[in-house]
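Residue numbers for the sequence shown follow our numbering, so the first one is 32 and each next one is one higher. Some notes on the structure that comes next.
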Amino acid sequence: MTKVQIIQGTPEHCEVLSALHSTSFSKPWNNESFAALLEQPGVAAWISEDSEPTGFILLRATADEAEILTFAVAPNYRRAGLGTLLLKTALHALQASGTKTMFLEVSVKNPTAIGLYKECGFRPSGVRPAYYGNKNTRVTADAIIM
(Lines of atoms letter the chains of each structure in order from A and count residues from 1; the text may use other names and numbers.)
(Lines give C-alpha, C1' and ligand atoms only; values in the text may rest on other atoms or scores of the structure.)
Protein backbone atom coordinates (compact mmCIF):
# COMPACT_ATOMS: atom_id res chain seq x y z
CA MET A 1 0.00 0.00 0.00
CA THR A 2 1.21 3.48 -0.83
CA LYS A 3 0.24 6.54 1.15
CA VAL A 4 -3.48 6.45 1.82
CA GLN A 5 -5.41 9.69 1.64
CA ILE A 6 -8.88 10.45 2.95
CA ILE A 7 -11.19 12.65 0.89
CA GLN A 8 -14.65 14.03 1.62
CA GLY A 9 -17.34 12.23 -0.38
CA THR A 10 -19.88 14.13 -2.48
CA PRO A 11 -22.88 13.07 -4.60
CA GLU A 12 -20.41 12.83 -7.50
CA HIS A 13 -18.78 9.88 -5.70
CA CYS A 14 -21.96 7.76 -5.70
CA GLU A 15 -20.57 5.25 -8.23
CA VAL A 16 -17.42 4.73 -6.16
CA LEU A 17 -19.46 4.31 -2.98
CA SER A 18 -21.88 1.89 -4.65
CA ALA A 19 -19.01 -0.20 -6.06
CA LEU A 20 -17.27 -0.38 -2.67
CA HIS A 21 -20.55 -1.17 -0.91
CA SER A 22 -21.13 -4.12 -3.24
CA THR A 23 -17.83 -5.69 -2.09
CA SER A 24 -19.10 -5.92 1.48
CA PHE A 25 -22.88 -6.33 1.48
CA SER A 26 -25.23 -8.91 -0.01
CA LYS A 27 -27.82 -6.18 -0.67
CA PRO A 28 -25.65 -3.33 -1.98
CA TRP A 29 -27.01 0.18 -2.24
CA ASN A 30 -27.18 1.65 -5.74
CA ASN A 31 -25.79 4.93 -7.08
CA GLU A 32 -29.11 6.70 -6.66
CA SER A 33 -29.34 5.74 -2.98
CA PHE A 34 -25.91 7.18 -2.25
CA ALA A 35 -26.54 10.33 -4.28
CA ALA A 36 -29.87 10.95 -2.50
CA LEU A 37 -28.30 10.46 0.93
CA LEU A 38 -25.33 12.72 0.21
CA GLU A 39 -27.66 15.52 -0.84
CA GLN A 40 -29.38 15.49 2.57
CA PRO A 41 -28.34 17.91 5.30
CA GLY A 42 -26.09 16.35 7.90
CA VAL A 43 -25.00 13.39 5.75
CA ALA A 44 -21.26 13.07 5.16
CA ALA A 45 -18.90 10.52 3.67
CA TRP A 46 -15.18 10.00 3.84
CA ILE A 47 -13.43 7.84 1.24
CA SER A 48 -9.97 6.29 1.57
CA GLU A 49 -7.83 6.08 -1.53
CA ASP A 50 -4.58 4.33 -2.26
CA SER A 51 -4.00 3.84 -5.99
CA GLU A 52 -7.78 3.29 -6.10
CA PRO A 53 -10.72 3.82 -3.73
CA THR A 54 -10.25 1.42 -0.82
CA GLY A 55 -13.09 2.11 1.60
CA PHE A 56 -15.60 4.61 2.94
CA ILE A 57 -17.77 5.57 5.87
CA LEU A 58 -21.16 7.28 5.54
CA LEU A 59 -22.80 9.07 8.48
CA ARG A 60 -25.75 11.24 9.34
CA ALA A 61 -25.46 13.92 12.05
CA THR A 62 -28.35 15.80 13.63
CA ALA A 63 -27.94 18.25 16.51
CA ASP A 64 -25.33 16.66 18.78
CA GLU A 65 -25.69 13.01 17.73
CA ALA A 66 -24.67 10.98 14.70
CA GLU A 67 -25.27 7.55 13.21
CA ILE A 68 -23.04 5.44 11.01
CA LEU A 69 -25.26 4.57 8.06
CA THR A 70 -22.84 2.22 6.32
CA PHE A 71 -19.15 1.49 6.27
CA ALA A 72 -17.03 -0.71 3.98
CA VAL A 73 -13.42 -1.53 3.18
CA ALA A 74 -12.59 -3.35 -0.07
CA PRO A 75 -11.56 -6.98 0.55
CA ASN A 76 -7.98 -6.54 -0.71
CA TYR A 77 -7.42 -3.70 1.79
CA ARG A 78 -8.93 -5.24 4.94
CA ARG A 79 -6.86 -5.74 8.08
CA ALA A 80 -4.50 -2.93 7.04
CA GLY A 81 -5.89 -0.29 9.41
CA LEU A 82 -8.11 1.48 6.88
CA GLY A 83 -11.30 0.86 8.83
CA THR A 84 -9.73 2.39 11.92
CA LEU A 85 -8.41 5.34 9.92
CA LEU A 86 -11.81 6.02 8.33
CA LEU A 87 -13.69 5.66 11.62
CA LYS A 88 -11.29 7.90 13.54
CA THR A 89 -11.35 10.51 10.76
CA ALA A 90 -15.14 10.60 10.95
CA LEU A 91 -15.18 10.65 14.77
CA HIS A 92 -12.72 13.56 14.93
CA ALA A 93 -14.65 15.59 12.35
CA LEU A 94 -17.95 14.98 14.13
CA GLN A 95 -16.56 15.80 17.56
CA ALA A 96 -15.09 19.02 16.18
CA SER A 97 -18.54 19.98 14.91
CA GLY A 98 -20.21 19.34 18.28
CA THR A 99 -21.35 15.73 18.07
CA LYS A 100 -21.50 14.19 21.53
CA THR A 101 -23.12 10.80 20.84
CA MET A 102 -22.65 8.38 17.97
CA PHE A 103 -24.45 5.12 17.37
CA LEU A 104 -24.63 2.29 14.86
CA GLU A 105 -26.02 -1.17 14.25
CA VAL A 106 -23.70 -4.08 13.47
CA SER A 107 -24.49 -7.70 12.72
CA VAL A 108 -23.73 -10.21 15.47
CA LYS A 109 -22.15 -12.20 12.62
CA ASN A 110 -19.47 -9.54 12.04
CA PRO A 111 -16.93 -9.96 14.87
CA THR A 112 -14.26 -8.00 13.00
CA ALA A 113 -16.46 -4.89 12.85
CA ILE A 114 -17.59 -5.35 16.44
CA GLY A 115 -13.93 -5.46 17.51
CA LEU A 116 -13.13 -2.30 15.54
CA TYR A 117 -16.04 -0.42 17.08
CA LYS A 118 -15.06 -1.53 20.60
CA GLU A 119 -11.45 -0.42 19.96
CA CYS A 120 -12.78 3.02 19.03
CA GLY A 121 -14.87 3.35 22.20
CA PHE A 122 -18.28 2.05 21.16
CA ARG A 123 -20.15 -0.10 23.67
CA PRO A 124 -23.17 -2.39 23.15
CA SER A 125 -26.40 -0.75 24.27
CA GLY A 126 -29.08 -3.06 22.89
CA VAL A 127 -30.10 -5.60 20.27
CA ARG A 128 -32.44 -5.43 17.28
CA PRO A 129 -33.69 -9.00 16.73
CA ALA A 130 -33.57 -10.26 13.13
CA TYR A 131 -32.52 -6.80 11.91
CA TYR A 132 -30.45 -8.15 9.02
CA GLY A 133 -32.20 -10.53 6.66
CA ASN A 134 -31.75 -12.32 3.40
CA LYS A 135 -35.09 -12.76 1.64
CA ASN A 136 -33.67 -15.49 -0.60
CA THR A 137 -32.63 -17.83 2.21
CA ARG A 138 -34.69 -16.39 5.09
CA VAL A 139 -31.51 -16.25 7.17
CA THR A 140 -31.55 -13.41 9.66
CA ALA A 141 -29.09 -11.96 12.10
CA ASP A 142 -29.57 -9.77 15.11
CA ALA A 143 -28.00 -6.33 15.15
CA ILE A 144 -26.05 -5.07 18.12
CA ILE A 145 -26.77 -1.39 18.79
CA MET A 146 -23.59 0.36 19.86
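By construction, the Cβ of each residue, glycine as well, lies at the ideal position given by its N, Cα and C atoms.
Which residues does DSSP pair with residue i in a beta bridge?
| i | result |
| --- | --- |
| residue 104 | 86 |
| residue 37 | 79 |
| residue 157 | 176 |
| residue 97 | 92 and 133 |
| residue 163 | 172 |
With residue i as the anchor, note down where its beta strand (DSSP E) starts and where it stops.
| i | result |
| --- | --- |
| residue 138 | 136–138 |
| residue 171 | 170–176 |
| residue 79 | 74–80 |
Can you give me the start and stop residues for the alpha helix (DSSP H) that residue i sits inside?
| i | result |
| --- | --- |
| residue 126 | 113–127 |
| residue 42 | Per DSSP, residue 42 belongs to no alpha helix (DSSP H) and is neither H nor E. |
| residue 66 | 62–69 |
| residue 142 | 142–150 |
Here's a check: name, in chain order, each residue in its chain whose Cβ is nearer than 8 Å to the Cβ of residue i, leaving out the five neighbours to either side.
| i | result |
| --- | --- |
| residue 119 | 151 |
| residue 42 | 65, 66, 69 and 70 |
| residue 156 | 134, 176 and 177 |
Throw me the rounded Cβ distance for the residue i and residue j pair, which I believe falls under 8 Å.
| i | j | result |
| --- | --- | --- |
| residue 113 | residue 79 | 5 Å |
| residue 46 | residue 62 | 5 Å |
Please list, in chain order, all residues of the same chain as residue i whose beta carbon is under 6 Å from its beta carbon, the five residues on each side excluded.
| i | result |
| --- | --- |
| residue 148 | 177 |
| residue 38 | 78 |
| residue 104 | 86, 113 and 114 |
| residue 97 | 90, 125, 130 and 133 |
Which residues in the same chain have their Cβ closer than 7 Å to the Cβ of residue i, if we skip the five residues on either side of it in sequence?
| i | result |
| --- | --- |
| residue 121 | 77, 88 and 90 |
Contact between the segment 66–76 and the segment 50–57 (3+ Cβ pairs under 8 Å)
no
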